[in-house]
Amino acid sequence: MSFIKSITCLLGAALAGNAFWAQPSWSENARSPASAHTGFDILVLGARGGVQDGNLSAYMISPHGDHRAILCDAGTVVNGLNEADHHGKLIDFSKSNQTALTPAGYVLHHVIQGYLISHAHLDHIAGLAISAPDDTPKPLYGLQSTLDDLSQYVFNWHIWPNFADHGNAPFLKTYIYQPLIPTHSQPLQNTAMSVTAWPLSHGPVTSTAFLIKSGSDALLYLGDTGPDPVEKTHRLQTLWRAVASDVQKHQLKAIIMEASYDNSRPDNVLFGHLTSHWVLKSLHDLAQETGDATSLQGLTVVISHIKYTLNTGAKIQETIKRQLETENDLGVNFVIAEQGLRLHVH
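Read left to right, the sequence shown gives residues -21 to -1, 1 to 325 (mature numbering (1 follows the signal peptide of the UniProt record, and there is no 0)).
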């Protein structure tokens, strides 16, 4: 039997007993009324921006106390879940696990309800592809350009079997492509959240920012992006203008954004990324859009996508944290993302 037929038969058998949206009942995962509108839980499954396989961009987001989550990017999935379990960060998620699954398996199958993919670079999708043979059917959200890249270059039966519902046949339909229209709010299926996407400039690639909302609470996740002056666009400024009202109303609970490099990195070799300096400059631009220089005081900003280095000496994340804190005149609460970190932002 050919490779394609083998995969098709195996996946067909595995999925035959499951309707596409088969998930735990809402009563099993639903949050209590007391926890409504109290921010978000963030679990970092992968924090780095390259080199360190097994620890690449992946952020599990859910309304606080609600065990129906979305994964923002998926560079690392199962390894990140295993690391989180090892550090005791999955205990409450897997309390209702009455299956033969490990805690990581239970969260993958029953807690993660879908994926928001900012762009199709490997450090943002590797975990998605590798875990696909044992994943449950889920929506895969992204800009049309991102979904086209996944269909053409990844799930195409050459690089990897087509676990999606479009592209090169046969379709295994583990992932159902859900195109996002920029600036339009769209519900995240089987969750209490919605998302609005904005395009970002990441060198020659269009990346994405996702504004996730639950009730009046909001969280902003930025995929890879370069600064507007270097990228010669206004995409970050457009994003800041759009979310300024959420800041003014104290509804924006956190921003997750990248700082791939420290300030020693020249602008001409940023390749669509930010340094510590550009993070601060961008946040000042956001504060300016709100019309209040103190509007970001106390806001949690999680720094993602720091490039792992094989060089000896000071850890790059320590250098970036020091540079951010030294010039932090906005009162922002900077948090460096680390694999297994769990935060409640409110």
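Just so you know, even glycine gets a beta-carbon here, dropped at the ideal spot from N, CA and C.
Whole-Å CB distance - residue i paired with residue j, under 8 angstroms assumed
| i | j | result |
| --- | --- | --- |
| T55 | G106 | 4 angstroms |
| I96 | L119 | 7 angstroms |
| T187 | T254 | With a Cβ gap of about 21 angstroms, T187 and T254 do not count as contacting. |
| L87 | G59 | No, L87 and G59 are not in contact; Cβ-Cβ is about 10 angstroms, not under 8 angstroms. |
| I282 | F313 | 6 angstroms |
| L218 | W177 | 5 angstroms |
| Q165 | L159 | 6 angstroms |
| L122 | T185 | 6 angstroms |
Burial state of residue i (16 or more Cβ within 10 Å)
| i | result |
| --- | --- |
| D102 | buried |
| S73 | buried |
| A108 | buried |
| T175 | buried |
| Q318 | buried |
| A148 | exposed |
| S224 | exposed |
| Q276 | exposed |
| H43 | buried |
| Q302 | buried |
| A316 | buried |
Proximity to residue i [Cα-Cα], best of the options
| i | options | result |
| --- | --- | --- |
| V113 | L129, G121, L80 | It is Asp, not Val, that sits at residue 113 in the sequence shown. Cα-wise, what sits closest to D113 is L80. |
| M172 | K68, L22, H46, T305 | H46 |
| V324 | S193, D271, G251, Q296 | S193 |
| S36 | D52, Y132, G44 | D52 |
| Q157 | Y94, H213, R214, N147 | Y94 |
| G67 | H100, V314, I104, L22 | L22 |
| T298 | A99, Y240, H181 | Y240 |
| A26 | A293, T305, I285, L303 | I285 |
| K117 | L50, N307, H100, D128 | L50 |
| H252 | S274, D264, L215, L265 | L215 |
| T170 | T305, K300, E306, S41 | S41 |
| D203 | K211, A143, L179 | L179 |
| L265 | A238, A293, N242, I234 | I234 |
For the region 193 to 236, which segments carrying the alpha helix (DSSP H) assignment without a break, of at least 4 residues, lie completely within its bounds, in sequence order? 207 to 210, 214 to 227
At least three beta-carbon pairs within less than 8 angstroms, the region 31 to 42 to the region 240 to 248: With a cut-off of 8 angstroms, the region 240 to 248 and the region 31 to 42 do not count as touching, because too few Cβ pairs lie within range.
Are there three or more Cβ pairs, one per stretch, closer than 8 angstroms when the region 227 to 235 is compared with the region 197 to 210? yes
Write down every uninterrupted run of the beta strand (DSSP E) in the region 135 to 169 whose length is 3 residues or greater and which is fully enclosed by it, in chain order. Segments of the beta strand (DSSP E) lying fully in the region 135 to 169: 154 to 159, 164 to 166.
Can you list the alpha helix (DSSP H) stretches of 4 or more residues lying completely in the region 15 to 72, in chain order? Listed in chain order, they are 57 to 65.
Contiguous beta strand (DSSP E) assignments of at least 3 residues, all confined to the region 272 to 297: 279 to 283
Runs of beta strand (DSSP E) wholly within the region 83 to 134 (minimum 3 residues, chain order): For the region 83 to 134, whole beta strand (DSSP E) runs of length 3 or above, ordered along the chain, are 91 to 95, 117 to 122.
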